[in-house]
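Colleague:
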Ligand SMILES: O=C(O)CCC(=O)C(=O)O
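Numbering (the numbering used here), first residue to last: 69 to 305.
Have a look at this one:
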């Protein structure tokens with residue numbers, strides 16, 4: 069991906085300053101749509117970054133993130149996680165999921181500016197972020213909830229998407245007492261570049277989500293899921 073917004077930025081320090089200035093000027097109450105899923109709420113901000121800024125932010129993140137190719141063990145086999153990722157956050161934000169245990173890399177100046185912006189929009193104190201890069205339609209994440217114990221009993225999660233549009237699907241967790249029709253409910257949202265979703269408390273307790281593989285040719289996509297790990301700082305280090 070290429071764009072010209074930062075062409076006058078001669079070095080990376082200047083690029084950070086430009087990005088941080090641009091983000092400070094953005095409205096922190098952008099247009100939003102409330103989407104109810106069962107008794108829970110997802111607030112969708114379809115365009116927090118315009119297309120040109122989305123491209124610039126994509127490029128800045130892509131260049132400055134120390135991407136990792138993690139491996140997971142499934143049924144006795146070790147396979148690469150089908151996306152690149154990086155766990156970034158305050159010093160004490162250790163995180164474990166699917167048998168992967170992650171120590172955070174420190175905030176890059178670019179990601180710290182984005183975190184501050186997202187914290188203002190969501191009125192939150194996110195102190196860590198899982199950065200994912202889906203290189204093509206072959207990359208994916210299967211059904212799961214962001215409900216690890218370190219996120220607390222009822223986490224709020226913010227998800228910012230950049231690059232190719234991908235389908236975000238939700239289905240109910242198979243909880244006792246749900247009817248057949250509730251269990252067959254599906255919600256589908258197309259996550260476009262520059263959009264932000266705030267999954268409010270309740271969503272992770274009751275719903276699973278996934279980004280499925282697709283055979284439709286799609287370009288790369290970066291997704292940031294901001295989280296707060298309790299007792300691990302207030303999102304400012
Ligand atoms: O890429 C997305 O939109 C979702 C990412 C996700 O669910 C996760 O990282 O937990």
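Here a beta-carbon is modelled for each residue, glycine too, at the ideal position from N, C-alpha and C.
In this text, all values refer to a predicted model and were calculated from it rather than measured experimentally.
To the nearest angstrom, how far is the alpha carbon of residue 177 from that of residue 120?
Modeller: One C-alpha to the other measures close to 20 Å.
Colleague: Distance, Cα to Cα, residue 299 vs residue 212?
Modeller: Those two C-alpha atoms are separated by around 24 Å.
Colleague: Is the region 202-222 touching the region 151-163 in the sense that three or more CB pairs, one from each, lie closer than 8 Å?
Modeller: A contact exists between the region 151-163 and the region 202-222.
Colleague: Along the chain, where does the beta strand (DSSP E) that runs through residue 229 open and close?
Modeller: Residue 229 -> beta strand (DSSP E) spans 225-231.
Colleague: Can you round the beta-carbon distance between residue 180 and residue 226 to whole angstroms, since I take them to be within the 8 Å contact cut?
Modeller: Their Cβ separation, rounded to whole angstroms, is 15 Å, which puts residue 180 and residue 226 out of contact at 8 Å.
Colleague: Note the first and the last residue of the continuous beta strand (DSSP E) segment covering residue 140.
Modeller: Segment 139-142, the beta strand (DSSP E) holding residue 140.
Colleague: Once DSSP output is grouped into helix, strand and coil, what is the label at residue 297?
Modeller: Looking at residue 297 - three-state DSSP - the assignment turns out to be coil, as it is neither helix nor strand.
Colleague: Please classify residue 135 as buried or exposed, where buried requires at least 16 neighbouring CB atoms within 10 angstroms.
Modeller: Classification for residue 135: exposed.
Colleague: Indicate the three-state DSSP secondary structure (helix, strand or coil) for residue 104 in the structure shown.
Modeller: Three-state DSSP puts residue 104 in a strand.
Colleague: Kindly indicate the opening and closing residues of the alpha helix (DSSP H) around residue 132.
Modeller: 119-132 is the span of the alpha helix (DSSP H), which, as asked, contains residue 132.
Colleague: Is any heavy atom of ligand 1 found at a distance shorter than 7 Å from the C-beta of residue 259?
Modeller: Flag set: Cβ of residue 259 near ligand 1.
Colleague: Looking at ligand 1, does it come within less than 7 Å of residue 182, judged from the CB to the closest heavy atom?
Modeller: Outside the cutoff, so no.
Colleague: Where are the beta strand (DSSP E) runs, 3 residues long or more, that stay fully inside the region 167-231, in chain order?
Modeller: 168-170, 196-202, 209-212, 225-231, all fully within the region 167-231.
Colleague: If I measure Cβ to Cβ from residue 204 and keep anything under 6 Å in the same chain, skipping five residues before and after, which residues do I get?
Modeller: Closer than 6 Å at Cβ, skipping near neighbours: no residue.
Colleague: Candidates 144, 170, 183: which alpha carbon is nearest residue 264's?
Modeller: Out of 144, 170, 183, 183 has the C-alpha closest to the C-alpha of residue 264.
Colleague: Quick one, which of 266, 285, 256, 101 has its alpha-carbon nearest residue 278's?
Modeller: If we check each option's Cα against that of residue 278, 256 comes out closest.
Colleague: From residue 274 to residue 220, what distance separates their C-alpha atoms?
Modeller: Between residue 274 and residue 220, the C-alpha separation is close to 15 Å.
Colleague: Pop quiz: residue 200 and residue 291 are said to be a contact at Cβ under 8 Å. What is the actual Cβ separation, rounded to whole angstroms?
Modeller: Going by Cβ atoms, the distance from residue 200 to residue 291 rounds to 5 Å, so yes, they are a contact pair.
Colleague: If you check the beta carbons only, do residue 187 and residue 161 fall under 8 Å apart?
Modeller: No, Cβ-Cβ distance for residue 187 and residue 161 is not below 8 Å.
Colleague: How would you call residue 231, buried or exposed, if buried means at least 16 neighbouring beta carbons within 10 angstroms?
Modeller: Its Cβ being crowded by 16 or more others within 10 Å, residue 231 is buried.
Colleague: Would residue 293 pass as a contact of residue 198 if the rule is Cβ separation under 8 Å?
Modeller: Closer than 8 Å, so yes.
Colleague: Between the C-alpha atoms of residue 254 and residue 106, what's the straight-line distance to the nearest angstrom?
Modeller: If you take the alpha carbons of residue 254 and residue 106, they lie about 10 Å apart.
Colleague: Check whether the Cβ of residue 146 sits closer than 7 Å to any heavy atom of ligand 1, and report yes or no.
Modeller: Checking the Cβ of residue 146 against ligand 1 gives no.
Colleague: So which of 157, 165, 166 has the shortest CA-CA distance to residue 173?
Modeller: Looking at the Cα atoms, 157 is the closest of the given residues.
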